[in-house]
Amino acid sequence: MNSGPEGIAAGFTSNLLPNATQLASVREFARCGELPPEPSFLEMASSLAPAELKRYDLEIQKTQTELDRLIAERRSLVSYTGLCRAILSPVQRLPSETISEIFDLCFPEEIYRIKPTTTVREQEKRISYHHLFQLAKVDATASNYYSRSVFELLSVHARRWNKVYINAHNRGNGLSNFRVNLGRLKKLELVGDWKGAEFFQNAPQLREFEFTGRVQCLPKIPWAQIRKGAFYAHRRDSLAASLSALLLPPNATTFTLSIDLRRCRAPARFRIRLMLAADDGHELAVGRLMDSLILPSLRSFSVHPQPGKNPPVWTSPNFVTLAARSGFSENLTFLSIHAMLTDSDLLECLEVLPNLQNLHVVDSTSPEASQVVITDEFLRKFITAPDMPTLIPELQCLTLRSVLEFSDASLVEMMNSRAGLDEQDVFTVKLVPLASRKRELSFESMEELAKEVSKGGLAFILLEN
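Here the sequence shown is numbered in our numbering, starting from 1 and rising by one per residue.
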């Protein structure tokens with residue numbers, strides 16, 4: 001067996017190459033614009049540098065030639081060892097009848113496709129090509145009599161395949177034969193009804209998952225491991241159900257969601273609730289999610305952290321852009337938000353939601369939050385007066401889960417200004433003091449609110465957290 005040079009030899013190093021001290025000294029003289037006491041070394045470096053640089057160019061060219069040789073030899077070795085493995089493969093010793101059945105039931109794609117007129121002898125020759133069985137297609141539908149034997153063959157020889165495509169009406173049909181190979185599974189593509197299937201849960205290397213079908217037919221897989229996903233929605237699923245697939249892989253960096261809006265069953269109005277977990281490394285996650293959506297029929301929008309997690313970081317410009325793109329000014333009537341933001345951030349968002357009827361705001365109690373949302377400035381923006389524009393004139397219910405950092409006077413003034421704006425509707429304020437509240441509502445303020453409520457057109461509900 002031939003062998004070339006042992007490797008890339010170490011190249012030369014120019015005697016002109018400066019050390020760290022020399023380089024720092026030259027930089028200092030260059031910065032000051034002064035000549036050193038003995039400038040002869042500068043003249044020597046300038047005169048000898050072109051020849052030294054040519055030597056470097058020659059060494060680089062020789063190294064590149066040697067690198068090309070190593071790459072070519074590696075490719076040759078890969079091809080050689082692949083042929084050796086193919087010769088030693090147990091498939092070579094299968095009976096001709098079995099090989100014929102395999103080629104009838106497992107056919108490769110594209111250039112490896114086997115024609116129906118291929119003889120058994122030709123099939124025996126082709127099976128020696130070591131790339132042929134890196135891809136196999138199996139029809140395991142109920143009408144295929146040979147499905148069980150094919151599964152058994154796949155199980156025995158599966159270590160040599162990189163891809164296996166299975167068409168099976170019964171989601172569990174024969175898959176137990178592949179359990180030994182789950183540790184090697186990296187990419188999974190499924191179509192159809194796999195509801196409740198637990199077979200793929202123990203696949204430690206699974207990183208890519210594609211599914212075509214209904215959301216309710218998804219199998220149980222280790223979603224936290226998935227980094228790249230794709231979901232091709234079924235026409236019978238509602239638009240909201242299809243969008244819920246976005247929330248399944250929490251750590252995915254790339255996710256493709258394909259929905260045919262012409263065929264997808266979409267109600268005239270729907271709502272979406274996002275449960276988000278955020279940390280310092282995902283401050284832009286909410287904004288990026290909103291940039292990827294368009295929700296033209298949305299009526300209800302809620303953003304809350306997962307239980308036990310810090311509130312996500314809210315980015316107002318992304319929401320304002322989403323609102324303009326989706327027509328929230330016409331359709332959105334409910335907004336619930338528990339996120340890391342300031343009162344000015346939220347007010348910026350509310351200015352583009354004139355038809356909002358129900359607003360639910362939660363003060364962030366995260367230790368990282370230096371500001372709260374429900375402040376005097378926030379409440380004063382809801383005060384209605386003849387000489388000033390009204391923020392969200394259609395608002396009917398305002399729910400505040402607050403640390404009570406605002407003043408009682410601001411709350412009373414806001415509620416009094418809203419009382420009786422619409423003879424048919426009652427303006428309702430629900431106040432839920434959080435456990436981390438800074439104070440209690442004063443008795444005088446409660447008494448004044450009670451008087452206003454008794455006049456009608458106003459409701460005030462104080463709840464315990």
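Backbone N, C-alpha and C define an ideal beta-carbon position, used for all residues, glycine too.
Since we're looking at a predicted model, the values are computed, not measured.
Between Val373 and Val361, the gap from beta carbon to beta carbon is short of 7 Å. Across the structure, Ser417 and Ser300 are spaced so that their CA atoms are roughly 26 Å apart.
In the displayed model, Pro433 falls within a strand according to three-state DSSP. In this structure, the CA atom of Ala230 is about 58 Å from the CA atom of Ser25. Residue environment analysis places Leu239 among the buried positions, since at least 16 neighbouring C-beta atoms fall within 10 angstroms of its C-beta. Here the alpha carbon of Ala245 sits roughly 10 Å from the alpha carbon of Arg214. Assigned with DSSP and collapsed to three states, Arg299 falls in strand. Separation of the CB atoms of Lys186 and Leu206 is rounded to 6 Å, and the pair is thereby assigned contact status at 8 Å. Taking the CA atoms as reference points, Val453 sits about 18 Å from Val432. Under the DSSP assignment, Glu43 falls in the alpha helix (DSSP H) whose first and last residues are Ser40 to Leu88.
Taken through DSSP and simplified to helix, strand or coil, Gly327 comes out as coil. Counted as a single uninterrupted DSSP element, the beta strand (DSSP E) harbouring Phe460 occupies residues Leu458 to Leu462.
Distance between Cys217 and Ala233, taken at the CA atoms: about 11 Å. Each residue's CA atom was taken as its position, placing Ala49 and Leu16 some 8 Å apart. When DSSP states are grouped into helix, strand and coil, Thr333 belongs to the coil group. A residue is called buried once 16 or more other Cβ atoms fall within 10 Å of its Cβ, and Ile337 is buried on that count. The beta carbons of Glu405 and Lys438 sit closer together than 7 Å. Around Val412, the same chain offers Ser445, Glu448 and Leu449 as residues with beta carbons nearer than 7 Å, after the five sequence neighbours per side are excluded.
According to DSSP, His338 shares a beta bridge with no other residue. In this structure, the straight-line span from the alpha carbon of Ala20 to that of Ser14 is close to 15 Å.
Assigned with DSSP and collapsed to three states, Lys451 falls in helix. When DSSP states are grouped into helix, strand and coil, Phe406 belongs to the coil group. With contacts defined by Cβ atoms closer than 7 Å, Pro296 and Gly327 form a contacting pair. Using a Cβ distance threshold of 7 Å, Ile226 and Ala252 count as a contacting pair. Considering only Ala435, Leu391, Arg401 and Val403, the residue with the shortest C-alpha distance to Met414 is Leu391. Between the beta-carbon of Lys381 and that of Leu347 there is about 6 Å, and that keeps the pair under the 8 Å contact cut.
Val352 is positioned such that its CB atom lies closer than 7 Å to that of Ala323. For Glu208, the three-state secondary structure derived from DSSP is strand. Assigned with DSSP and collapsed to three states, Ser442 falls in coil, not helix or strand.
Phe378 and Ser402 have their alpha carbons spaced roughly 12 Å apart. Of the other Cβ atoms in all chains shown, 16 or more fall within 10 Å of the Cβ of Val429; this residue is therefore buried. When the Cα atoms are used, Leu257 and Leu243 turn out to be separated by approximately 8 Å. Counting other Cβ atoms within 10 Å of its Cβ, Asn310 reaches 16 or more and is therefore classed as buried.
As computed with DSSP, Leu190 is found in a beta bridge with Phe211. The continuous beta strand (DSSP E) containing Phe255 extends over residues Thr254 to Ser258.
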